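The sequence shown maps to residues 1 to 119 in UniProt numbering. Each remark here refers to the structure printed beneath this line.
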Amino acid sequence: MELLDHGLMAVGRKLSVAAPKKYPDELRQRAVRLYRESDPKPVIRRLAEQLGVHHEALRNWIRQAEADADERHDRPTSEMAEENRRLRREVAELRRANEILKAASAYFAAELDPTRRRS
Numbered sequence: 001m002e003l004l005d006h007g008l009m010a011v012g013r014k015l016s017v018a019a020p021k022k023y024p025d026e027l028r029q030r031a032v033r034l035y036r037e038s039d040p041k042p043v044i045r046r047l048a049e050q051l052g053v054h055h056e057a058l059r060n061w062i063r064q065a066e067a068d069a070d071e072r073h074d075r076p077t078s079e080m081a082e083e084n085r086r087l088r089r090e091v092a093e094l095r096r097a098n099e100i101l102k103a104a105s106a107y108f109a110a111e112l113d114p115t116r117r118r119s
């Protein structure tokens with residue numbers, strides 16, 4: 001899968017459109033900043049209701065911000081997660097290329113070896 005311009009993704013030979021984010025990045029950043037700068041910390045469910053977002057979405061945004069700030073170690077940073085996604089895509093592409101090369105190698109080996117029976 002390859003990310004192209006305008007949110008299009010190439011999956012195999014088909015193009016698909018990436019799903020739009022449910023909440024804008026500005027809202028996410030503002031919500032996390034509101035939570036982190038508040039003293040005492042607000043109840044996440046109540047803050048989420050005030051902002052019009054799902055409480056679990058807000059909870060996940062806060063956890064991710066804490067991981068990115070190296071304040072928690074139970075989840076990867078955003079940078080690390082993106083690198084993992086990129087590497088998974090690269091590995092998948094390399095595996096596809098390997099399969100093609102194996103098939104081509106077997107085909108040409110059979111063509112070049114006159115002693116092998118053809119079925």
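Note that the Cβ used here is the ideal one computed from N, Cα and C, for glycine as well. Just so it is clear, the structure is predicted and the values come from calculations on it, not from any experiment.
Coil, strand or helix - residue i by DSSP
i      : result
Val17  : strand
Ser38  : coil
Arg75  : coil
Asp113 : coil
Tyr23  : coil
Val32  : helix
Distance between residue j and residue i (C-alpha atoms, nearest Å)
i     : j      : result
Glu90 : Glu82  : 12 Å
Lys22 : Ala57  : 10 Å
Ala19 : Ser38  : 32 Å
Ala97 : Phe108 : 16 Å
Residue i burial status per 10 Å Cβ neighbour count (16 or more: buried)
i      : result
Leu94  : exposed
Ile100 : exposed
Ala65  : buried
Tyr35  : buried
Min CB distance residue i to chain B below 7 Å
i     : result
Ala97 : Judged by its chain identifiers, the structure shown contains no chain B, having just a single protein chain.
Segment contact, 8 Å Cβ cut-off, at least three pairs: the segment 23–41 with the segment 50–67: Cβ pair count under 8 Å is three or more, so yes.
Entirely enclosed alpha helix (DSSP H) segments - the segment 47–103, minimum 4 residues: Secondary structure within the segment 47–103: the alpha helix (DSSP H) runs of 4 or more consecutive residues, fully enclosed, are 55–68 (chain order).
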